Ligand SMILES: Nc1ncnc2c1ncn2[C@@H]1O[C@H](COP(=O)(O)OP(=O)(O)OP(=O)(O)O)[C@@H](O)[C@H]1O
Ligand SMILES: [Mg+2]
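Residue numbers (my numbering): 1 to 234.
Structure below.
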């Protein structure tokens, strides 16, 4: 298997007034291509801070982050923006869609930065929207969609450039339990199609979908457990 993510001794400090808040206190983490990982832990333990680093939305204070063999901890903002667009699909708790823009154009947007032509963008965005079950909602704007449908659009947007990892920070945090299950089935499918999926959740039944559960506590990895697929009968 090949490593998508190699993190060594990552720390992240935030200056706060005269003080420095140490949020991540030394994280080592390897993730192989095709893994399905849930990150859990109490509020304030550093989950979103870690996800933002994984997603190249932020850079560490110290330590290294190798993403697909490239050292992201030393990249310029432009290089980070490029790698983010190509390699990473990010799904947020609050969807973060452009409000006055159709589902189709929201999904197609990352392809604009990737330099695709208009017809390539349209074809691919339609394909992706169909794959997330929104073939009949392409021209709807976010306020004409349900919460679950909005999150499907956001998942479509995350997938459109065929990234090497899908990151989702509490993707079901704003959804009811039935809709959450539907969105998790979508992540299951995305994983089954060969993608690497990493998501943050507070809920054990959401984490059940993953094959590996990492628990953070106070800026450190407390436990990191892979599920055994076959329980040995002794
Ligand atoms: N930009 C910042 N400046 C100062 N402190 C920050 C900043 N970002 C995060 N923190 C602090 O880092 C800690 C971890 O925040 P983070 O958002 O990573 O937690 P979390 O595990 O995602 O929590 P939750 O489950 O509530 O989403 C918090 O104490 C927070 O106040
Ligand atoms: Mg968070």
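Note that beta-carbon positions come from the ideal geometry of N, C-alpha and C, so glycine has one too.
All of these numbers come straight from a predicted model, not from anything done at the bench.
Rounded Cβ spacing between residue i and residue j (contact assumed at less than 8 Å)
i: residue 145; j: residue 81; result: Not quite, the Cβ-Cβ distance comes to about 28 Å (not below 8 Å), so this is no contact.
i: residue 170; j: residue 93; result: 4 Å
i: residue 89; j: residue 159; result: 6 Å
i: residue 63; j: residue 84; result: Incorrect: roughly 19 Å between the Cβ atoms, too far for contact.
i: residue 211; j: residue 36; result: 5 Å
i: residue 199; j: residue 168; result: 4 Å
Closest Cα partner of residue i within the set the options
i: residue 121; options: 143, 189, 157 and 87; result: 157
i: residue 111; options: 100, 87, 2 and 72; result: 87
i: residue 96; options: 142, 215 and 115; result: 142
i: residue 137; options: 14, 199 and 106; result: 106
i: residue 4; options: 131, 195 and 207; result: 195
i: residue 133; options: 123, 209 and 148; result: 148
i: residue 65; options: 26, 34, 45 and 99; result: 26
i: residue 32; options: 207, 173, 209 and 191; result: 191
i: residue 172; options: 207, 163 and 193; result: 207
i: residue 99; options: 2, 140, 187 and 21; result: 140
i: residue 214; options: 15, 131, 163 and 45; result: 45
Cβ pair residue i, residue j closer than 9 Å
i: residue 197; j: residue 221; result: no
i: residue 219; j: residue 23; result: yes
i: residue 50; j: residue 59; result: no
i: residue 101; j: residue 109; result: yes
i: residue 47; j: residue 216; result: yes
i: residue 126; j: residue 115; result: no
i: residue 123; j: residue 61; result: no
Contact test: residue i Cβ vs ligand 2 heavy atom, cutoff 8 Å
i: residue 30; result: no
i: residue 203; result: no
i: residue 169; result: yes
i: residue 107; result: no
i: residue 37; result: no
i: residue 43; result: yes
i: residue 91; result: no
i: residue 112; result: no
i: residue 128; result: no
Residue i beta carbon near ligand 1 (any heavy atom closer than 8 Å)
i: residue 21; result: yes
i: residue 196; result: no
i: residue 49; result: yes
i: residue 186; result: no
i: residue 14; result: yes
i: residue 160; result: no
i: residue 216; result: yes
i: residue 63; result: no
i: residue 213; result: no
Report yes or no: do three or more beta-carbon pairs, one from the segment 193 to 211 and one from the segment 40 to 52, lie closer than 8 Å? yes
Are the segment 148 to 156 and the segment 62 to 78 touching by the rule of at least three beta carbon pairs closer than 8 Å? no
Stretch-stretch touch, CB-based, cutoff 8 Å, three pairs: the segment 7 to 17 with the segment 175 to 183: no
Between the segment 208 to 226 and the segment 63 to 71, do three or more beta carbon pairs fall short of 8 Å? no
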